[in-house]
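Chemist:
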Amino acid sequence: MTSTTRRLAGAAALLLISSGLAAAAGPVSASPTPAGPGSVQAAAPGAGPSVEESGDEVGERVAAKPKKKATKAKAKAKAKAKAKKTKKAKKKAKRYRYDATIVRTKHGIPHITAKDYGSLGFGSGYAAAQTTACTLADIVMTARGQRSRHLGPDAPYDDGVSVSGTNLQMDALVTDLRNRRVVQGLLADPKAGPGPAVRKMVTGYAAGVNKYLRKVGNGKRHPDRGCRGASYLKADVTSLDVWYGIYLANILASTGHFLKQIVGATPPSLTDPGLPDLATFGIVPPKLPSAEELREALGPRNAFGSNATAIGRKASSTGRGMLLGNPHFPWNGRYRFSQQHLTIPGRYDVAGASLIGSPVVNIGWNKDVAWSHTVSTAYRFAPYEYRTVGSPFTYLSANGVLKQLEKRVVKVVVKRKDGSLGTVTEDMYRTPQGYVIDDPTTLMGWTPLSFFAIRDANGEQLRTLDTFFDMGRATSVRDLIRRQDAGGGMPWVNTIAADRAGDVVYADHSVVPAVSNALADRCMTPIGRITHALAGLPGLDGTFADTSCKFGTDADAGRPGVLGPKNLPVAYRADWVMNANDSYWLPNPAQRLTGFARIIGCESCERTMRTRMVNQYVLDRLRVGKVTPASLRGTQHQNRVRAAEVMRAGGDLDKVCQAAKGGAYCTALARWDGRSDTTSRGYHIFEEFVTRIPDGLLTAGIWKVPFNAADPQHTPRDLDETNRDVVGAMAEAIAYLKQRGIAPDATWGSLQVAGDRGAPPIPLGGGDGDLAGNANALDSDGARTNLGRLRPVGFGSSHIQAIAFGAKGRVNARTILTYGQSEDPASPWSSDQTRLFGAKKWVTFPWTAKEIRRQKVSSLRVRR
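Right under this line is the structure:
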């Protein structure tokens with residue numbers, strides 16, 4: 000039929016309909032919803048299932064000559080069936096609250112696409128459960144205060160970073176938080192609580208985890224034998240569970256750090272040590288800890304940290320920004336990363352890594368900005384010292400008013416040795432500022448004259464996910480920091496970032512108590528002045544905790560009690576910035592940031608050997624030319640050892656070994672290539688030596704040229720080869736290696752291997768960070784397998800990303816997740832990236848739709 004004939008036939012049909020004669024042609028039904036361009040819709044009252052038909056088809060049917068009844072009946076039946084199917088599909092589609100597609104590319108990297116934030120969180124939760132369900136279930140169990148119920152009260156709890164104690168202690172703290180409805184209160188707070196998009200993502204995330212767990216029979220068919228069938232692995236995760244998990248991560252460096260000291264806080268008795276052996280109000284004990292000892296007691300117990308370097312247009316071969324980020328985190332448990340790529344087409348597109356239990360990307364990039372984080376030196380809390388009056392539970396407040404401590408009594412359900420359940424009661428104490436701690440090692444014990452309680456700035460916010468989420472929308476580094484400040488929930492890390500225009504930034508705009516130097520000077524107690532002088536932590540007078548000594552309020556802060564952006568350090572540059580967990584003072588060797596509150600960190604203070612190594616990589620490269628994408632990411636695997644480079648000057652290191660009578664070990668040390676590669680011979684001698692020097696490299700007298708704030712990159716230097724502590728450390732190191740039966744010329748790769756759960760003994764390069772000066776920092780803390788090796792790795796380099804912005808909107812993304820995407824040792828995605836890491840190789844992360852299609856290994860649509 001020609002187009003002219005079609006138009007005439009259509010006109011004839013309309014004429015028949017308008018004249019009431021169309022009944023002879025039979026009823027025509029159509030969908031009540033728009034059928035799209037070029038369609039005609041009609042609906043008869045009481046008509047059956049509808050179907051969409053084109054206008055031309057309607058015209059043909061009316062104008063054509065009558066056909067056989069059988070043909071018409073067949074067409075009618077077919078149309079009714081199609082209409083029924085369409086209606087059913089539409090009805091079914093409307094039932095789904097969540098709808099996401101998970102495309103996995105090589106190495107199991109999930110690319111999650113959805114049309115709304117709830118569905119995006121749903122896909123993220125489902126994907127996370129596929130590869131990390133055991134850890135997710137452990138996080139939920141912890142967030143419910145039910146570890147003792149399932150695992151027993153006396154078993155140790157350790158988050159791998161800062162929080163450690165027994166299951167009972169952890170459950171007691173969490174149970175009290177839940178009894179006080181702390182998270183529920185923050186969720187209801189318009190300033191301290193999360194926004195609508197993130198709430199939807201969290202709710203969807205919990206639903207996605209449950210969807211997967213239901214699929215595997217409440218965990219009974221989960222492939223990972225590490226938790227398959229566990230009593231706590233069930234499809235009953237709630238959004239509140241996820242929020243409590245996030246909250247506990249927020250307070251790891253503050254309330255969580257004092258877990259044992261809070262739950263174990265006991266009022267003084269006649270059997271306690273007497274005064275003046277303990278620090279107390281107005282009395283300084285005769286023996287004080289060293290500055291290093293006090294800092295260690297107040298901070299994470301291991302090398303929790305990171306490196307990050309951002310290269311700007313003035314130092315970049317591309318004229319655009321580049322970033323190398325390497326967080327040093329646990330290889331097992333709660334603070335293990337997973338990679339993911341989150342997309343809502345046209346609205347949101349960000350990739351990178353997320354801590355398990357987080358539906359948002361924590362470290363990553365979008366089309367314009369790439370960022371990483373390093374653990375900040377700032378404190379997240381401040382202690383208040385309260386003077387007791389007559390009773391250890393009665394304390395003095397402003398205007399001479401006496402107040403009583405609040406006693407919190409919690410009941411924890413525990414699993415007895417015979418498998419039955421019982422209840423144990425624990426008590427804790429609080430002031431309006433926070434929990435009472437009993438910690439004599441940090442000079443904050445509970446004595447007959449005083450006690451300490453801590454106010455936790457991170458315990459007063461639930462904005463962390465919003466902060467990370469909104470950073471994913473940033474268009475430049477300045478926009479990134481603006482969004483971070485608006486979020487107000489960066490918990491305990493610095494930010495280092497680069498953008499497409501070639502600008503870079505370092506910022507410590509994390510959550511810091513608003514304790515200015517002026518407030519500290521006015522309010523510190525005698526003991527508080529000692530903790531301030533030794534470790535930078537001001538101890539404030541609890542008498543005025545509600546009045547003149549309460550946390551300040553900055554005009555530009557998102558809420559009361561925290562420092563605002565104008566009082567936090569930031570440096571925007573066009574050449575380069577870096578951080579390796581030292582304070583904000585030197586974001587670049589050419590720039591000093593000064594004049595900030597001491598509670599954030601130190602100024603004019605010594606840098607670690609790891610910081611000096613990260614700086615040296617860039618400085619050495621710039622001597623021969625600008626930094627290229629290949630040269631920047633290449634520094635990750637150069638495995639230079641900065642402390643050795645400094646100590647070898649003038650032959651000092653060899654002289655120390657000879658003085659220690661090391662024999663063949665001295666020969667191996669002299670021949671060592673100066674790196675921590677898997678093929679290096681002799682590095683093990685150096686690491687054992689340098690980690691045995693008392694108080695690390697800060698020991699007075701081990702350097703002939705001491706630290707000079709005018710030259711922090713090159714001082715201290717010139718090792719004193721005659722120093723008794725130095726020679727003694729070498730002798731101890733060699734004796735230990737002999738006792739272990741480790742040969743002087745053993746390769747480092749035969750001694751340092753992967754140590755995460757179930758890992759094969761894959762040889763790994765890298766080594767000790769702060770003391771030896773490895774940027775590729777690895778540690779044995781938390782290792783679970785291959786424990787017979789000298790250095791089974793359980794901590795250190797984790798999600799490493801090297802991002803370079805190219806022409807025409809291109810993003811060159813190279814990553815490595817050192818322990819693999821899956822925590823299940825039987826998964827092909829468990830140690831595949833570990834082998835690449837050991838071989839100094841990278842994963843080309845698929846960013847564009849085309850790149851994703853090329854690397855696709857599976858695709859799954861998940862709905863609920």
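Numbering-wise (numbering that gives the first Met the number 0), the sequence shown opens with residue 0 and increments by one.
A virtual CB, placed ideally from N, CA and C, is assigned to each residue, including glycine.
#1: Mind the definition here: the segment 203-212 touches the segment 280-295 only if three or more C-beta pairs lie below 8 Å; say whether that holds.
#2: Let me know the secondary structure DSSP gives G426 once reduced to three states.
#3: DSSP three-state call for G433: helix, strand or coil?
#4: Return the first residue and the last residue of the alpha helix (DSSP H) that E384 is part of.
#5: Take every Cβ of the segment 299-317, pair it with every Cβ of the segment 400-416, and state whether three or more of those distances are shorter than 8 Å.
#6: If you run the structure through DSSP and keep just helix, strand and coil, what is V856?
#7: Measure the CB-CB distance between P109 and H798 and report whether it falls below 9 Å.
#8: Within this structure, are the beta carbons of L232 and A126 separated by less than 9 Å?
#9: Return yes when the Cβ of G535 is within less than 9 Å of the Cβ of Y378, no when it is not.
#10: Can you name the start and end residues of the alpha helix (DSSP H) that G527 belongs to?
#11: Label C548 either buried or exposed according to how many other C-beta atoms from any shown protein chain fall within 10 Å of its C-beta, with 16 as the threshold for buried.
#12: Between I851 and the rest of its own chain, which residues show a CB-CB distance below 7 Å, the 5 nearest in sequence each way excluded?
#13: On the premise that G192 lies in contact with Y347, defined as a C-beta separation below 8 Å, what is that separation, rounded to the nearest angstrom?
#14: In whole angstroms, what separates the C-alpha of C522 from that of R180?
#15: Is it buried or exposed for K210, if we count other Cβ within 10 angstroms and need 16 for buried?
#16: Taking 8 Å as the cut-off, does the segment 828-839 touch the segment 659-673 (at least 3 CB pairs, one atom from each stretch)?
#17: Measure how close the beta-carbons of C133 and D223 come, nearest whole angstrom, since I'm counting them as under 8 Å.
#18: Can you tell me the Cα-Cα spacing of G164 and G255, whole angstroms?
#19: Of the choices V810, P693 and T678, whose alpha-carbon is the least far from that of V752?
#20: Determine the closest residue to A369 out of D502, T130, P586 and F280, with distance taken between C-alpha atoms.
#21: For a test of the three-state rule: what should DSSP assign to A22, helix, strand or coil?
#22: Does DSSP classify F450 as helix, strand or coil?
#23: So, at 6 Å on beta carbons, what are the nonlocal neighbours of A812 in its own chain, with the 5 sequence-adjacent residues on each side left out?
#24: In the DSSP assignment, find the unbroken beta strand (DSSP E) run with W370 in it and report its ends.
#25: How would you label R641, buried or exposed, when you count the other beta carbons within 10 angstroms and need 16 or more for buried?
#26: What's the C-alpha gap between L859 and G538?
#27: So, is V861 buried or exposed, given that buried needs 16 or more other C-beta atoms within 10 angstroms?
#28: Am I right that F280 and S147 are in contact with their C-beta atoms under 8 Å? What's the rounded C-beta distance?
#29: Would DSSP call D507 helix, strand or coil?
#30: Rounded to whole angstroms, what's the CA-CA distance from A806 to K366? Just pull it up for me.
#31: Whole angstroms are fine: how far does the CA of K71 sit from the CA of V50?
#32: When the Cα of G819 is compared with those of P299, K114 and G837, which residue comes out closest?
#33: Once you ignore the five residues that flank Q260 on each side, which residues in its own chain have a CB closer than 7 Å to its CB?
#34: Should the segment 738-750 be regarded as contacting the segment 775-786, the criterion being three or more beta carbon pairs within less than 8 Å?
#35: So who's on the other strand from M577, going by DSSP bridges?
#36: What does a CB cutoff of less than 7 Å around M140 pick up in its chain, not counting 5 residues either side in sequence?
Modeler: Looking at the atomic coordinates:
#1: no
#2: By one-based count along the sequence shown, residue 426 stands at place 427. According to the sequence provided, residue 426 is Asp. The question's Gly does not apply to it. In the structure shown, D426 sits in a strand (DSSP, three-state: E or B).
#3: Sequence index remark: in the sequence shown, residue 433 carries index 434 (1-based). Note: G433 maps to strand in three-state DSSP.
#4: Position 385 of the sequence shown, counting from 1, holds the residue named residue 384. No alpha helix (DSSP H) holds E384; the beta strand (DSSP E) holding it covers F380 to V388.
#5: no
#6: Translated into the one-based positions of the sequence shown, residue 856 becomes position 857. In the displayed model, V856 falls within a strand according to three-state DSSP.
#7: Counted from its first residue, the sequence shown places residue 109 at position 110. Counted from its first residue, the sequence shown places residue 798 at position 799. Their beta carbons are not under 9 Å apart, which means P109 does not touch H798 by this criterion.
#8: Working through the sequence shown from its first residue, we reach residue 232 at position 233. Working through the sequence shown from its first residue, we reach residue 126 at position 127. No. Outside cutoff.
#9: Within the sequence shown, numbered from 1, the residue matching residue 378 stands at position 379. Within the sequence shown, numbered from 1, the residue matching residue 535 stands at position 536. Taking 9 Å as the Cβ cut-off, Y378 and G535 qualify as a contacting pair.
#10: The residue labelled residue 527 in the question sits at position 528 within the sequence shown. For G527, the enclosing alpha helix (DSSP H) starts and ends at P525 to A534.
#11: Position 549 of the sequence shown, counting from 1, holds the residue named residue 548. Buried is the call here.
#12: For the purposes of this step, residue 851 is taken as the residue at position 852 of the sequence shown. Shown here for I851: same chain residues with a beta carbon closer than 7 Å to its own, the five before and five after excluded, namely V102, T104, H110 and P845 in chain order.
#13: Working through the sequence shown from its first residue, we reach residue 347 at position 348. Working through the sequence shown from its first residue, we reach residue 192 at position 193. Not really, about 21 Å apart at Cβ, beyond 8 Å.
#14: Counting from one through the sequence shown, the residue named residue 522 turns up at place 523. Counting from one through the sequence shown, the residue named residue 180 turns up at place 181. So the two alpha carbons sit approximately 31 Å from each other.
#15: Within the sequence shown, numbered from 1, the residue matching residue 210 stands at position 211. Buried.
#16: no
#17: Walking along the sequence shown from the start, residue 133 turns up at place 134. Walking along the sequence shown from the start, residue 223 turns up at place 224. Correct: roughly 5 Å between the Cβ atoms.
#18: Locating residue 164 in the sequence shown gives position 165, where the first residue counts as 1. Locating residue 255 in the sequence shown gives position 256, where the first residue counts as 1. Those two C-alpha atoms are separated by around 10 Å.
#19: Start at 1 with the first residue of the sequence shown, and residue 752 comes out as number 753. When each option's Cα is compared against that of V752, the closest is T678.
#20: Here residue 369 corresponds to residue number 370 of the sequence shown, with the count starting at 1. Nearest option by C-alpha distance: D502.
#21: Working through the sequence shown from its first residue, we reach residue 22 at position 23. In this prediction, A22 scores a pLDDT of 35, lower than 50, which makes its location untrustworthy; the coordinate-derived value is nonetheless stated afterwards. Note: A22 maps to helix in three-state DSSP.
#22: Translated into positions along the sequence shown, residue 450 becomes position 451. Looking at F450 - three-state DSSP - the assignment turns out to be strand.
#23: Taking the sequence shown and counting its residues from 1, the one referred to as residue 812 is at position 813. Once the five neighbours on either side are set aside, the close Cβ partners of A812 are I802, F844 and W846.
#24: What you label residue 370 is simply residue 371 of the sequence shown in a count that begins at 1. Note, W370: beta strand (DSSP E), V368 to V374.
#25: Start at 1 with the first residue of the sequence shown, and residue 641 comes out as number 642. Buried is the call here.
#26: The residue given as residue 859 occupies position 860 in the sequence shown. The residue given as residue 538 occupies position 539 in the sequence shown. Distance between the alpha carbons of L859 and G538 is about 54 Å.
#27: As a working mapping, residue 861 is identified with position 862 in the sequence shown. The residue is buried, with at least 16 neighbouring Cβ atoms inside 10 Å.
#28: In the sequence shown, the residue the question calls residue 280 occupies position 281. In the sequence shown, the residue the question calls residue 147 occupies position 148. Contact doesn't hold; Cβ gap of about 36 Å is too wide.
#29: Here residue 507 corresponds to residue number 508 of the sequence shown, with the count starting at 1. Coil, per DSSP.
#30: Position 807 of the sequence shown, counting from 1, holds the residue named residue 806. Position 367 of the sequence shown, counting from 1, holds the residue named residue 366. Answer to the nearest angstrom: the Cα atoms are 12 Å apart.
#31: For this step, residue 50 is matched to residue 51 along the sequence shown. For this step, residue 71 is matched to residue 72 along the sequence shown. Because the pLDDT at V50 is just 31, under 50, the model does not fix this residue reliably, and the value given afterwards should be weighed accordingly. One C-alpha to the other measures close to 16 Å.
#32: Residue mapping note: residue 819 aligns to position 820 of the sequence shown, counting from 1. Considering only alpha carbons, the answer is G837.
#33: Translated into positions along the sequence shown, residue 260 becomes position 261. Counting only Cβ-Cβ distances below 7 Å, and skipping sequence neighbours, we find I436, D437 and D438.
#34: Verdict: no, contact absent.
#35: Within the sequence shown, numbered from 1, the residue matching residue 577 stands at position 578. The secondary-structure analysis by DSSP pairs M577 across a beta bridge with T308.
#36: As a first step, residue 140 must be located in the sequence shown, where it is residue number 141. The answer, listed in chain order, is R146, H149 and Y231.
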